[in-house]
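Below is one structure, written out as structure tokens, with a few remarks after it.
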Amino acid sequence: MKHLMLIAMAVGSASALPKFASVGSVASNPVTATELPSLQRIAPRIIMVHGGLAPKRIYLTDWKENLSVVSAISVIPAGAVGSLQLAGRQFVDLTLYWEAPRWERFLKSPESLAQLDPNAEEAGRGRLYLPRAGEQAIVIYQNANSYRTVSAEAIDILAKYGVR
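Residues 6 to 169, numbered by the numbering used here, are exactly what the sequence shown covers, in order.
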């Protein structure tokens with residue numbers, strides 16, 4: 006079953022998504038929370054990738070691309086969880102900053118983004134275990150008590166920013 010956020014794909018196709026901020030920089034964003042008030046909560050405004058394989062903090066700031074990332078995550082059927090092997094897998098930590106208006110002020114500059122706290126109480130956190138031979142990428146959200154698969158689309162987006 007696909008993550009409920011797939012309904013938001015009506016906003017635009019993944020292949021037509023604009024490029025956004027590169028590692029440690031901020032670009033003008035074509036979609037803002039004020040332009041999409043009814044959709045602002047279906048994707049995080051900012052995704053911070055850090056720890057593990059991330060050489061430094063990476064900030065994903067394009068709302069449409071963030072929507073593609075979270076839409077590429079699916080719940081794993083309960084029976085399949087027992088067979089997961091996560092020990093020794095490469096990973097990155099994710100911090101998801103939801104509720105867009107709250108985080109807009111951090112998009113002004115790379116210095117502003119650097120002020121984001123990866124442990125902010127208001128942010129969602131998870132760990133993404135990258136795919137390896139014969140095994141799909143897996144994300145585990147803190148406090149969610151569930152494992153989720155991550156499609157190649159999300160992994161390709163992260164790879165553009167050096168997460169491989």
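Backbone N, C-alpha and C fix where the C-beta goes; we use that ideal spot for every residue, glycine too.
The model shown is predicted, which means the values in this text are computed figures rather than measured ones.
Residue(s) in a DSSP beta bridge with residue i
i    : result
D98  : H55, R132
R169 : None, per the DSSP bridge assignment.
R110 : For R110, which the question treats as bridged, DSSP gives no partner whatsoever.
R50  : Paired residue(s): none; R50 is not in a bridge.
Three-state class that DSSP yields for residue i in the structure shown
i    : result
I81  : coil
E104 : coil
L121 : coil
R137 : strand
The ligand HEM heavy atom lying under 7 Å from the CB of residue i
i   : result
Q95 : With respect to the ligand HEM, the structure offers nothing, as it holds no ligand at all.
Delimiting residues of the beta strand (DSSP E) encompassing residue i
i    : result
A164 : Taken as a continuous stretch (DSSP letters only), A164 belongs to no beta strand (DSSP E), being part of the alpha helix (DSSP H) at 157-164.
L65  : 63-65
I145 : 142-146
Span of the alpha helix (DSSP H), counted from its first residue to its last, around residue i
i   : result
E70 : 68-76
- [ ] Evaluate the contact criterion for the segment 99-117 versus the segment 150-162: three or more CB pairs, one atom per stretch, below 8 Å.
- [x] no
Open item on the list: Under 8 Å, with one C-beta from each stretch per pair, do the segment 62-75 and the segment 134-146 reach the 3-pair mark?
Closed with: Too few Cβ pairs lie closer than 8 Å, so no.
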